[in-house]
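Colleague: Take the position in the sequence shown, starting the count at 1, then add 721; the result is the number in my numbering. Here a beta-carbon is modelled for each residue, glycine too, at the ideal position from N, C-alpha and C.
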Amino acid sequence: VYHGTLEHSRIVVTSNPSSYEGDHRTWEALASGALVFVDRTLTPLQHPLVDGVHVIFYDTHNETAFRAALHYYLFEHQDEAKVIAKRGAFFAARYHRPVNRADDALCELEVLQDSGGCEEPPP
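(1) For S730, I'd like the list of residues in its chain whose CB is within less than 6 angstroms of its CB, leaving aside the five on either flank, ordered along the chain.
(2) I believe H768 touches G809 by the beta-carbon criterion, under 8 angstroms. Please report the beta-carbon distance rounded to the nearest angstrom.
(3) Is the region 746 to 762 touching the region 776 to 785, taking contact as three or more C-beta pairs under 8 angstroms?
(4) Using the Cβ count rule (16 or more neighbours within 10 Å means buried), how would you classify Y723?
(5) Would you kindly work out how many angstroms separate the C-alpha atoms of H817 and T785, rounded to a whole number?
(6) Since A750 and V733 are thought to touch, with beta carbons under 8 angstroms apart, how far apart are those beta carbons, to the nearest angstrom?
(7) Spatial neighbours of N737 within its chain, please: C-beta separation below 8 angstroms, excluding the five flanking residues on both sides.
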């Protein structure tokens, strides 16, 4: 039921858990092809999501701005929402799969061992 609902959604809103950053829901939402609204995180990613390019970031303490952004993409700018959603799905598939996380960790180990780190593979 969960994945079926994601597949039929135009917009998915997700929020990071209060006790830590990052969870699978953001990446599942991006993979669904919907426009994803997500709160900002502090943990740096090698390939960070960009507001208005891959996702829409929202402030969990500003309900007025959140509702305005939802209305903007849901009712006024559906074509723009579709473009951002497609970019987000492609970006997540390219840079944020489990294999990418493993590669990132191995590259960090190489950097820590002062072996020069990893080079970015060609797209």
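Modeller: In short, the structure shows the following:
(1) Closer than 6 angstroms at the Cβ level, and outside the excluded window around S730, lie A755.
(2) Wrong, their Cβ atoms sit about 12 angstroms apart, outside the cutoff.
(3) yes
(4) exposed
(5) Cα-Cα distance, rounded: 31 angstroms.
(6) About 4 angstroms; that satisfies the 8 angstroms criterion.
(7) G743, D744, T747, V759, D760, T762
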